[in-house]
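Take a look at the structure set out below.
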Amino acid sequence: MSAVPAPVRDVEDMIPADCHGMNFYEFDPAFRVLLEHYMAPDLHGHLAPHLDRLGALAGGRLDELARIADRHAPVLHPRDSFGRDEDWIEYHPSYRAMEKIAFDEFGLHAMSHRPGVLDWPEPMGALAKYAVKYLFVQGEFGLMCPVSLCDTAAFMVNRYAAPEIRDRYLPRMTAETREEMWTGTQFMTEQIGGSDVSKLEVEARFEDGEWRIRGDKWFCSHTDSSIILILARSGDPASGSKGLSLFLVPRWLEDGSRNAYRTLRLKPKMGTKSMATGEVRFEGAVGYLLGEEGRGLRQTMDQVNLSRLSHGVRAAAMMRRCLNEALTDARGRTAFGKSLDAHPLMARQLLKIMLPTEQALSAFLYTAAVMEKADAGDETAATVLRLLTPLIKFRACRDNIPVATAAMEVRGGNGFIEDWVNARLVRDAHTGVLWEGTSSIVALDVARRAVPQVQAHKALGAAMHGLLDSSDGVPGQFGGELAGMVDRAVGFADEVAREPESEAFSRQATNALYHAMTATLLAHEGAIMAKKTGDARRMLLARLVIDHRMRPHDPMSLDGGRIEREAGALLLRDAPVSLEDAARVLAS
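So that you can map any letter, position 140 of the sequence shown is 172 in our numbering, and since no number is skipped, the others follow by simple counting.
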């Protein structure tokens, strides 16, 4: 008599789902409410349905395409079988499909530069653009580099190109479809380095009435772009950064021939595998001078606010995906008789993922709102913005790495397997601390330029005090504590900036300013959301920022554990936190 086989449990009962199929817009109530607060009502009403559609795409079709594209890296074809030079890059169809979503459906490359994108009658501001990016990146990170490069290249061409060059190329760069458009990128880094641009060696020489570019660029993201903006040395090498000029180098010349440069190889990168980054050699390529000769570095810095905020938004988006994945797994898995998130130690780990995620959301929305004011001519906003963009680039990108790793750990061994999104999130998270300046370079920009030269920290401090003074609902004692933290952070930044030997504390000063700012923003937003939705949870997050990111803590002490437990119990449940409950915890 044969044995009766034991029943096999459905595997779905053993392994909880991931976030595929989720609408990331619907699942992010703070983003929805705060965007409505910051954005003009008519634009918000028009944009909300598009964001809802993108939220569903990011958790569905875009997520699926991103998983496929990550496994099928671009392939360089330098020559054909007959030995003829071709120099073209082959992309998987999944990547091309993602491009259609980004460029054709949502116009991310053009929405700040021309009317008509998403049927809006004028170019959209920073809030709209970065809100769309925030949702898109939760599905796919790699493609957002080319999208952002197209956006900033169009900005630079519009600002600095001679009228003839601008009229020739800008309409192509902001065309409605990927098939019609000329994509844009920027190449700066060389083998000799990237941070110290005074050493750059690629040459630009004026020969027979035109500029010719010669030399190698080392990190060339969006390698096969139609338009390259390149820093090249047009002056004496001894002049350092003052000898650098900015040039537009088209892939095709007006007679239809290929310009004189070629891709040497594609980089075998740790992350952003869907997108091509290569090494490019210029062999007398024709370039068109943008702006004034010798002012290339200064002109390039004009787009730094855009690129740094873009990196901060991407980090905020990736952390949101990590938080969603961690919560979905912890709530859907049982261990030792109860759900994973019901275990106190796991609850604490989830809070460690949640806190920097919410800080980054607050930072990017506020920064985008300030950017819109600065773009409209508000000089005070421009001064504050000078500090906001390095702050979010520095801290949000750094937080992204431990958040991605912690989310992988929540999922356990499955998170280490490429079938799940966590491995890609961990790999991609490291990109933000490298592109557009390493953490130390950005911190030095804060401590050596934004603070002493612009006094941006004082403008930021005044802005934070203004928010606290206008926040109806923040308990008085807590508001005073926040104001004191802002003053301490501003004072510490002053101290570090004054003393040359204090350079080693530049990161600490940058951290302090970011945490004081985001704690204030979270408290202010908590008061706003308490009025609009009855949910004051962001005040509790502000408390945790102060306790865990601004105050010294004895690792062998339980002091403060009760506040953390009470706040955590309220924050990790799917229910609003009343203003009364928040005030009770803050007062304890």
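All C-beta atoms, glycine included, are put in the ideal place defined by N, C-alpha and C. Keep in mind the model is a prediction, meaning the values are calculated, not measured.
Coarse secondary structure for residue i, derived from DSSP in three states
i      : result
His580 : helix
Gln509 : helix
Cys252 : strand
Gly469 : coil
Glu235 : strand
Ala134 : helix
Ser258 : coil
Glu404 : helix
Ala348 : helix
Ser371 : strand
Met33  : Here the model assigns Met33 a pLDDT of 46, short of 50, so the residue's position is not dependable and the matter cannot be decided.
Val483 : coil
Glu531 : coil
Leu140 : coil
Met588 : coil
Met156 : coil
Ala379 : helix
Ser126 : helix
Asp102 : helix
Gly447 : helix
Ala568 : coil
Asp151 : helix
Asp477 : helix
Pro48  : coil
Gly523 : helix
Asp228 : coil
Ser620 : coil
Phe114 : coil
Ala615 : helix
Arg638 : As displayed, the chain neither begins before 33 nor continues past 620, which places residue 638 out of reach and without an answer.
Opening and closing residue of the beta strand (DSSP E) in which residue i lies
i      : result
Arg459 : Taken as a continuous stretch (DSSP letters only), Arg459 belongs to no beta strand (DSSP E), being part of the alpha helix (DSSP H) at Asn454 to Ala461.
Those residues which DSSP pairs with residue i across a bridge
i      : result
His109 : Trp120
Ser610 : For Ser610, which the question treats as bridged, DSSP gives no partner whatsoever.
Ala515 : Beta-bridge pairing links Ala515 to no other residue.
Glu245 : For clarity, residue 245 is Ile in the given sequence; the question names Glu instead. Answer is Ala236 and Ala317, bridged to Ile245.
Thr366 : Ser371
Segment limits, alpha helix (DSSP H) that includes residue i
i      : result
Gln540 : Ser538 to Thr565
Leu603 : Gly593 to Leu603
His489 : Ala488 to Ser502
Asn432 : Glu411 to Arg443
Residue i burial status per 10 Å Cβ neighbour count (16 or more: buried)
i      : result
Thr209 : exposed
Glu468 : buried
Ala601 : exposed
Met33  : Because Met33 carries a pLDDT of 46, less than 50, the predicted location of this residue cannot be relied on, and the following value inherits that uncertainty. Answer is exposed; the Cβ neighbour count stays below 16.
Lys161 : buried
Asp151 : exposed
Arg353 : buried
Lys370 : exposed
Met302 : exposed
Gly225 : exposed
Val458 : buried
Met46  : exposed
Ile449 : exposed
Asp228 : exposed
Lys249 : buried
Asp504 : exposed
Gln485 : exposed
Pro178 : buried
Leu554 : buried
Residue i beta carbon near the ligand HEM (any heavy atom closer than 6 Å)
i      : result
Arg481 : The ligand HEM is not part of this structure, which contains no ligands at all.
Just list the alpha helix (DSSP H) runs in the region 260-344, keeping only unbroken ones of 4 residues or longer that don't cross its boundaries, in chain order. 328-332
Extract the residue ranges of the beta strand (DSSP E) inside the region 171-224, only unbroken runs of 3 or more that lie entirely within it. 216-219
What are the start and end residues of each continuous beta strand (DSSP E) run of 3 or more residues lying completely inside the region 50-94, in chain order? none
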